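Numbering of the sequence shown is given in my numbering, commencing with residue 1071 and proceeding in unit increments.
We put the CB at the ideal spot given by N, CA and C, even for glycine.
This one's a predicted model, so the numbers in the text were calculated from it and none came from an experiment.
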Amino acid sequence: MRELFERFLWSSRLSVMFGVLSCIVAAFVVFAMGLRDVVHMIELIMGYIFSGSHAVRNDLVMVVVEILDTFLLGAVLLIFAFGLYELFINNLKGASKSEAGGKILIISSIDSLKSKLGKVILMMLIIKVFSFFSEMKPASMLDLLYMGITVVLIAGAMKLSKD
């Protein structure tokens, strides 16, 4: 009875595959959204070339920031899917053989997964903060001080996230 239960318990780890497959599908959807944003960016570039409008330029900058954010979100989903698979199912043989992705995608523990995800999420947050700064029009010296403090805190977070 105990052996049967342990076999069942060990096999239940395969239920993680639902999460892995869901993350991969979500990543493809997010990448498709990013591709749509790239098409929109090309339309804005054409409009900027012919009009030279400052408003179109500002829209173009914001779309580029959104594209970065979108593709980083897709990367987070893929890293999470790879991590779940490696932790619960099996090692990714292709990741260990690949020179480019081998070091990035090998996840040996929950802490390793958290570290990799944390760095990508930090980059997403930095992009969001700077996109907010690009839209913000400081009304007082206090606003500029807050922006400066935010930049210093971001630099500190980047320093702490280094290996």
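Burial check for Tyr1155: the Cβ neighbour count within 10 Å reaches 16 or more, so the residue is buried. Segment contact: the segment 1134-1147 against the segment 1189-1207, three or more CB-CB distances shorter than 8 Å; contact assigned. The beta carbon of Leu1214 is closer than 7 Å to those of Pro1208 in its chain, skipping five residues each way along the sequence. Within its own chain, the residues whose Cβ lies closer than 7 Å to the Cβ of Ser1201, once the five positions on either side in sequence are excluded, are Met1132 and Val1135, listed in chain order. Look at Gly1122 here: in three-state DSSP terms it is coil, with no helix or strand label. Minimum Cα-Cα distance from Leu1147 among the listed residues Glu1073, Gly1117 and Val1095 corresponds to Val1095. Approximately 31 Å separates the beta-carbon atoms of Phe1152 and Ile1112; this is outside 8 Å, ruling out the contact.
Nearest neighbour of Leu1157 by Cα position, chosen from Asp1107, Ser1182 and Gly1144, turns out to be Ser1182. Lys1189 is the residue among Met1071, Ser1081, Gly1226 and Lys1189 whose C-alpha sits nearest the C-alpha of Ala1145. Separation of Leu1091 and Val1099 (C-alpha to C-alpha, rounded to the nearest whole angstrom) is 12 Å. In this model, Ser1179 and Leu1074 are separated by some 27 Å (Cα to Cα).
In the structure shown, Lys1229 falls within a helical segment according to DSSP collapsed to helix, strand and coil. Closest in C-alpha terms to Leu1187, from the list Ser1231, Leu1084, Ala1102 and Gly1104, comes Ser1231. Ala1209 sits in coil when the DSSP states are folded into three classes, being neither helix nor strand. Around the CB of Leu1143, 16 or more other CB atoms lie within 10 Å, so the residue is classed as buried. Counted as a single uninterrupted DSSP element, the alpha helix (DSSP H) harbouring Ser1081 occupies residues Arg1072 to Ser1081.
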